[in-house]
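One structure is given below, encoded as structure tokens.
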Amino acid sequence: PQTRGCNWLCAVVLSKSHQAQPMPPKRGVMKVKKVHLKSKGGEGGDEDGSKLKRGKTVEQIYQKKTQVEHILLRPDTYVGSVEKQDDQLWVWNEDKEEMESRKISYVPALYKIFDEILVNAADNLQRDKSMNAIKVEIDTKQKRIKVWNNGKGLPIQIHKTHKVYVPELVFGHLLTSDNYDDSEKKVTGGRNGFGAKLTNIFSTRFIVETAGKGKLYRQQWTSNMSRKNKPEIKKYSGEDFTSVEFWPDLEKFGMKELEADTVDFMRKRVYDVAGTSCERCQVHLDGKKLSVKNFTDYCSLFHSGEGYVHAHIGKRWEVLVARSDGDGFQHCSFVNAISTPKGGTHVQHVVDQLVEAIQNKAKKEAGKGSEIKPVHVKNQLWVFINCLIENPAFSSQTKEQMTLKQSSFGSCCNVPKSFIDEVFEKTDIVNAVISEAQAKMTAQMDKNAKSGGRGKRVLGIPKLEDANEAGGKRASECTLILTEGDSAKSLAVAGLGVIGRDRYGVFPLRGKLLNVRDVTQRQVAENKEIMSIVKILGLSFGQKGDQQKMRYGSVMIMADQDYDGSHIKGLLINFFHFWWPDLLKDGGFVKEFVTPIVKATKGAEVVQFFTQTEYEAWKEKHAGAPGWSIKYYKGLGTSTAAEAKAYFGAMDDHRLDFEWKSKKDGELIDMAFSKKRADDRKQWMNQYEEGTFVDHSLPTVTYEDFVKMELVQFSKYSVMRSVPSIMDGFKPTQRKVLFCCFKRNLRRDLKVAQLVGYVGEQSAYHHGETSLAGTIISMAQDFVGSNNLNLLVPSGQFGTRLQGGSDHASARYIYTRMSPITRLIFSPLDDAVLTYLEEDGQTIEPRWYVPILPMVLVNGASGIGTGWSTDVPNYDPRVIIENLRLWIGKKKMKPMRPWYRGFKGVVEPLGKGTYYTWGVFEEKDQTKVTTGLEITELPIRKWTQDYKEFLQTLLPNSDHKTKVRVEDVREYHTETNVHFMVKMTPEELNKVKEMGIEHVFKLWSSITETNMVLFDHEGKIKRYKNPLEVLEEFAGVRLKYYDLRKKYLIDKLTLERDLLSNRARFIAMIIAKKLHINNRKKAEVVKDLTKFKFKKFGDDKPPRTGFEYLLIMQIASLTKERKEELERMAKDKAAELEKVKKTSIQQMWLTDLARLEAAIDELFAAASADATAAGKGRKRKAESRGRGRDDGGEEEGEGGEEGEEEAAALVDPMDNPFGDVARWTAGALKSITDGMTPAMKRRRQQ
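Residues 241 to 1486 in my numbering are what the sequence shown lists, from first letter to last.
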């Protein structure tokens, strides 16, 4: 068999012990012909004797080469390829005096023999601290290269073992080196004993000069090191140096001269040495001193010089990081001055750290769940590394890639955090990484959203009603109507019957669109809604929006005229602005289809209004619009198909175009939706002026007006639903519940499910029933950690501390009613002076209630809204009352700490508004073998069930790894009390004591006062420093409302006194026959009443006279007894009036507080007695939580506001002469209270 493996062949010949090994197969197909072998003289042969059939003798096939012959025959193993190859490499441009990356043609072996000599000079720099100069000459004319360096030269003496001079041994004998001792840790480049000898072998002429200790040594080799001259040794008095001068054997490299590309590459290598010489060595090239003084100077030859970070990390590592120039990952690395263009373990060691840190940073900045891969980071890096490695190992003699394991480096390059932070700050790599990742995702998104091209139908979107002209020649005239849900789509499709389907398409949105500013591109790509819109419109994520190239020229948003509708419009505008801002700037792209919110009908005449203000002005102009039928449209679903056709038939009246005014429009859109601008949104919401709104009756609206006057209302409403008011401590839903309880006068039990329906009907509640039921349940809960004063009574299972209230029964099975103290806190006397909201012509809950103490401190609050969150602890209502008394007396209030009703633990202040709550435990001695802990209280809001699960993890059979173990856990607690018995060994107990029982058993929690965020009395959101600041603001406003209450009571009692007095005088005059009413015309009687100066009450607009309160009195009431009774009642009213006038508002408040305090003391005493009885095993009194409902479960109205006027009209004056007074005084009182507190109308959409 024939083989090309010369190296293998030599091994076989040289190693007799392995002659029996089989020959390795030849590449390709090997044909073997059967031969007969003969043995003669110990030699093998064939039939032809000493010759084989192929014409070669055995001696010709099996050869032994000298080392030099082998190197020249197989140079690839030692110096690399001797064939020319083309590569994109960095080289030195002599004309421009700069580094440039270009494609060059060079021979790697020629470059390598030059590099070997240069590395020798660099190695000497590590060995000799006195060395400070390297001079390189590349003479293209003489085809000569010379490398000179000063410093300690080679010993000029004969080697005792090899009997030759040391310089000759080093440069003229293969496999000689001073680096063979691997136990000695060296940071030089040479290792294997070839080095400079390879340069000698591949040179026609090779001269070495070295000087030291007064001698100068010179020796020359020629003919590829096959001939050598005798050494020349002279006396020498100059500085020590070593010089190597050689003439490469260009013929062996297929060259005739030192070509320009090769020379530029060699010059670049000289600059490498200058940059890695640790600032100690001056490097000269062709007689010119290089300007590169250090590694930073060297690196600046490659990158722009701006936006880089450089550092010495330890004594052996120098790293510079810059942003890649766009060609992907680049590195320039050196190991002991050896250039490693293929990198290796040293590069990986540094780059891995950089990639991980930058990837984490990019993920945070790109958003949650971002698809930032290591390759995205690496593509943006340009890393320069100069390091010293002990005894480095390389993949080959060419030393282009280091393979030594990181553990053997002899040092470690732990990139410090400060360096990473500088990379973030100075290089802009993070933004580049994000951009690259987004660009790749954008391309994928465009591929997924591709509609098939302009003019083709969109498939795969079944709910799309496509315009016939979409994607055609008239595509720019087409409009896509985006509707809020399927019901609105039906409305739009009905309208298409009027305007036609050629230029109008319809696509329904499922709920709210994704906020694309706060998500990753992957989330956008996986969002079917967004991708469908992009596909329908013919947009491309990676390109500028062009209406002339799209399938539709504009979009029209058709959403409800409420807060959520505004948010949907904002999200769509945000989507288009984020990806295609030019569509908004060019104008005409985004439109809105507005529908009326109120319609007034009278016969065939119909008047529609797009804003509440417009309707109110019309109503006032028409004196309340008597005879007109008013209909409020709560959403698009309220409109009929016939109305939809009418809307679309008058398209110009219903279309509103969005208009781009300036750059500020874009900034406002970004502010409203960017996650990073939460603080700006807080200011935006607080600057909103109540009552301002977008006028939808106009043909256009600017994006600025939309954000400032419409979208802000949604954001504010979102916060209002999560953050309570300082005045009543309620969120809107809680306020609606209490309003309906007052309206229904809920004194008897009512099913929670029924109350949910009542609240939805009477208070314009527009959200889910489950959420509303949860609110009612939470207002009735009274376990430890919930309410200090529950305003509703929990009749049934409303949840316990076992599971933090989540163990409540279904709303269908539990009942509730108002707690007896509720009307002591929220006095009925304040109802008339509150500012009530109005929606859809219906009076609903007030802006806020004014309880006699701040309920937000009594029951606490927590919630998270747009840009804001809040967490207010509970406080003792009795301490709050005490502080209010101090405030009323203008004395300094006392500090308060959190307090929770029924909590037996300790609340400990830590300072700066932070408290610890500690549970209660006691050590119990049981036996000598076991001891234990008795736990009888848990920290605030640590629920029994959760704590039980925690204790079970400490048991011996638990899978959890814990520091301590307990023998057993026993439970004796009830739904109101905590009682655990924990058994453990004395050794474990001692161990727990050393660690801290409270911490090991998690018997503590923290409470803070640092996030007390509330809406102030002006409706602006504010952060309060402490509970006393809350009390201060509340008390000031509450006192003003006592003043309003007093004025109202004075007016009310005055009216009632006057009405009773007028009635008594009316009867007296009839009895005295001074006034005749029988058999007379009404007008004449009215004239007499006016003459006698009787006061008018009630409606006095014709045909009413204002004297009906007198004229409708029954004949039976015109008696002396009734007159005397009325006079007595009037006298009582007068006395009551005088009492009110003499009572100060401060005294009113103190009286209310005293009444409430007595009720609280009674309530807490009863609760304590019940707890004691339960602890002793006795049954709780049924009366404490019993139900007071009738068989039907329906509450019977007891003086509630509902039907008040009708009830008053049916009162028999004979039974109660005062029963109808409210009927006649209501109008006057309303005008009085309206003057005090003007009504507020909530925008369905103003």
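Built from N, CA and C at the ideal position, the CB exists for glycine as well.
Please report the Cβ distance between residue 1187 and residue 1178, rounded to the nearest whole angstrom; I am assuming they are in contact, meaning their Cβ atoms lie under 8 angstroms.
Stepping through the sequence shown from its first residue, residue 1187 is reached at position 947. Stepping through the sequence shown from its first residue, residue 1178 is reached at position 938. Going by Cβ atoms, the distance from residue 1187 to residue 1178 rounds to 6 angstroms, so yes, they are a contact pair.
By the DSSP assignment, the alpha helix (DSSP H) with residue 631 in it spans what residues?
Locating residue 631 in the sequence shown gives position 391, counting from the first residue. Element bounds for residue 631: n/a, residue is neither H nor E.
Does the beta-carbon distance from residue 1225 to residue 1238 come in below 8 angstroms?
Here residue 1225 refers to the residue found at position 985 of the sequence shown. Here residue 1238 refers to the residue found at position 998 of the sequence shown. Contact: no.
Looking at the secondary structure, which residues open and close the alpha helix (DSSP H) in which residue 846 lies?
Here residue 846 corresponds to residue number 606 of the sequence shown, with the count starting at 1. Residue 846 -> not in any alpha helix (DSSP H); beta strand (DSSP E) instead, spanning 845-849.
Answer with buried or exposed for residue 1057, where buried requires no fewer than 16 other C-beta atoms within 10 angstroms of its C-beta.
The residue labelled residue 1057 in the question sits at position 817 within the sequence shown. By the 10 Å Cβ count, residue 1057 comes out buried.
What span of residues does the beta strand (DSSP E) with residue 374 cover, start to end?
Along the sequence shown, one-based indexing puts residue 374 at 134. Its beta strand (DSSP E) spans residues 373-379.
If you drop the 5 nearest sequence neighbours on each side, which residues of the same chain put their C-beta closer than 7 angstroms to that of residue 1137?
For the purposes of this step, residue 1137 is taken as the residue at position 897 of the sequence shown. If we look at residue 1137 and ignore the five residues flanking it on each side, its Cβ neighbours are 1147, 1149 and 1155.
At what residues does the beta strand (DSSP E) containing residue 878 begin and finish?
Here the question's residue 878 lines up with position 638 in the sequence shown. Here residue 878 belongs to no beta strand (DSSP E), and DSSP marks it neither H nor E.
How far does the beta strand (DSSP E) with residue 1149 in it reach, from first residue to last?
To locate residue 1149, count along the sequence shown from 1; it is residue 909. 1146-1151 is the span of the beta strand (DSSP E), which, as asked, contains residue 1149.
Is it a yes or a no for the region 507-527 touching the region 377-397, going by three-plus beta-carbon pairs under 8 angstroms?
The region 507-527, when compared against the region 377-397, does touch it at the 8 angstroms Cβ threshold.
Please confirm if the region 880-892 is in contact with the region 1082-1089, defined as three or more CB-CB distances below 8 angstroms between the two stretches.
Short answer: they don't touch.
Buried or exposed: where does residue 827 fall if 16 or more other Cβ atoms within 10 Å of its Cβ makes it buried?
Residue numbering aside, residue 827 sits at position 587 when the sequence shown is read from its first letter. By the neighbour-count rule (16 or more Cβ atoms within 10 Å), residue 827 is not buried but exposed.
Per DSSP, what are the beta-bridge partners of residue 796 in this structure?
Taking the first residue of the sequence shown as 1, we reach residue 796 at position 556. DSSP, once it has assigned bridges, lists 721 and 831 as partnering residue 796.
Using a 10 Å radius around the Cβ and a threshold of 16 neighbouring Cβ atoms, would you call residue 1355 buried or exposed?
Counted from its first residue, the sequence shown places residue 1355 at position 1115. Burial call: exposed.
By DSSP's criteria, residue 1165 is part of a beta bridge. Which residues make up the other side?
If you number the sequence shown from 1, residue 1165 lands on position 925. According to DSSP, which records beta bridges pairwise, residue 1165 is partnered with 1171.
I'd like the list of long-range same chain contacts for residue 947, defined as Cβ closer than 6 angstroms, with 5 residues on each side in sequence excluded.
Numbered from its first residue, the sequence shown carries residue 947 at position 707. Hits under 6 angstroms: 908 and 912.
Can you tell me which of 1196, 1064, 1299 and 821 puts its alpha carbon nearest to the alpha carbon of residue 787?
Taking the sequence shown and counting its residues from 1, one reaches residue 787 at position 547. It is 821.
Enumerate in chain order the residues of its own chain whose CB-to-CB distance from residue 593 is below 7 angstroms, with the five nearest sequence positions on each side excluded.
Translated into the one-based positions of the sequence shown, residue 593 becomes position 353. So the list reads 655, once near-sequence residues are dropped.
Taking one C-beta from the region 1091-1106 and one from the region 1003-1016 each time, how about it: are there three or more such pairs within less than 8 angstroms?
No, because fewer than three Cβ pairs between the region 1091-1106 and the region 1003-1016 fall closer than 8 angstroms, the two stretches do not touch.
What number of angstroms, rounded off, separates the C-alpha of residue 1450 from the C-alpha of residue 1459?
In the sequence shown, counting from the first residue as 1, residue 1450 sits at position 1210. In the sequence shown, counting from the first residue as 1, residue 1459 sits at position 1219. At residue 1450 the pLDDT is 43, less than 50, meaning the model places this residue with poor confidence; the figure from the coordinates comes in the next sentence. Approximately 9 angstroms, taken between the alpha carbons.
Rounding to the nearest angstrom, what Cα-Cα distance links residue 942 and residue 898 in this structure?
Counting from 1 along the sequence shown, the entry for residue 942 is found at position 702. Counting from 1 along the sequence shown, the entry for residue 898 is found at position 658. Each residue's alpha carbon lies about 6 angstroms from the other.
Which two residues bound the contiguous alpha helix (DSSP H) that contains residue 551?
As a first step, residue 551 is located in the sequence shown; it is residue number 311 there, counting from the start. Residue 551 -> not in any alpha helix (DSSP H); beta strand (DSSP E) instead, spanning 548-553.
What's the call for residue 279, buried or exposed, on a 16-neighbour Cβ count within 10 Å?
Position 39 of the sequence shown, counting from 1, holds the residue named residue 279. Residue placement at residue 279 cannot be trusted, given a pLDDT of 38 that sits under 50; what the coordinates show is reported in the next sentence. So residue 279 ends up on the exposed side.
With burial defined as no fewer than 16 other Cβ atoms inside 10 Å of the residue's Cβ, what is the status of residue 1163: buried or exposed?
Residue numbering aside, residue 1163 sits at position 923 when the sequence shown is read from its first letter. Label assigned to residue 1163: exposed.
Which of the three DSSP states, helix, strand or coil, is assigned to residue 413?
The count along the sequence shown starts at 1 and reaches residue 413 at position 173. Three-state result, residue 413: coil.
Given this structure, state the Cα-to-Cα distance separating residue 1552 from residue 320, to the nearest angstrom.
No answer is possible for residue 1552: it lies beyond the span of the chain, which begins at 241 and ends at 1486.
Can you tell which of 1029, 1025, 1017 and 1030 has its C-alpha closest to the C-alpha of residue 1037?
Within the sequence shown, residue 1037 is the residue found at index 797, counting from 1. It is 1017.
By DSSP's criteria, residue 449 is part of a beta bridge. Which residues make up the other side?
Reading the sequence shown from its first residue, position 209 is the one you call residue 449. Looking at the DSSP assignment, residue 449 forms a beta bridge with 458 and 483.
In chain order, which continuous runs of the beta strand (DSSP E) of length 3 or greater are located wholly inside the region 501-548?
The qualifying runs are 522-525.
Does residue 441 come out as helix, strand or coil in the three-state DSSP assignment?
Residue numbering aside, residue 441 sits at position 201 when the sequence shown is read from its first letter. Residue state, collapsed to three classes: helix.
Grouping DSSP H, G and I as helix and E and B as strand, with all else coil, what is residue 572?
Residue numbering aside, residue 572 sits at position 332 when the sequence shown is read from its first letter. The answer is strand: DSSP assigns residue 572 an E or B state.
What is the rounded straight-line gap between the Cα of residue 1341 and the Cα of residue 1267?
Indexing the sequence shown from 1 puts residue 1341 at position 1101. Indexing the sequence shown from 1 puts residue 1267 at position 1027. Going by the C-alpha atoms only, they are around 52 angstroms apart.
DSSP three-state call for residue 1489: helix, strand or coil?
Any answer about residue 1489 is impossible in this case: the structure gives the chain only from 241 up to 1486.
Return yes when the Cβ of residue 708 is within less than 8 angstroms of the Cβ of residue 757, no when it is not.
Reading the sequence shown from its first residue, position 517 is the one you call residue 757. Reading the sequence shown from its first residue, position 468 is the one you call residue 708. It is not a contact, given that the beta carbons lie outside the stated cut-off.
Whose CA, out of 1242, 915, 633 and 410, lies closest to the CA of residue 755?
On the sequence shown, position 515 is the one that residue 755 refers to. The candidate whose alpha carbon is nearest that of residue 755 is 915.
Roughly how many angstroms separate the alpha carbons of residue 681 and residue 761, rounded to a whole number?
Residue mapping note: residue 681 aligns to position 441 of the sequence shown, counting from 1. Residue mapping note: residue 761 aligns to position 521 of the sequence shown, counting from 1. Computed Cα separation, rounded: 6 angstroms.
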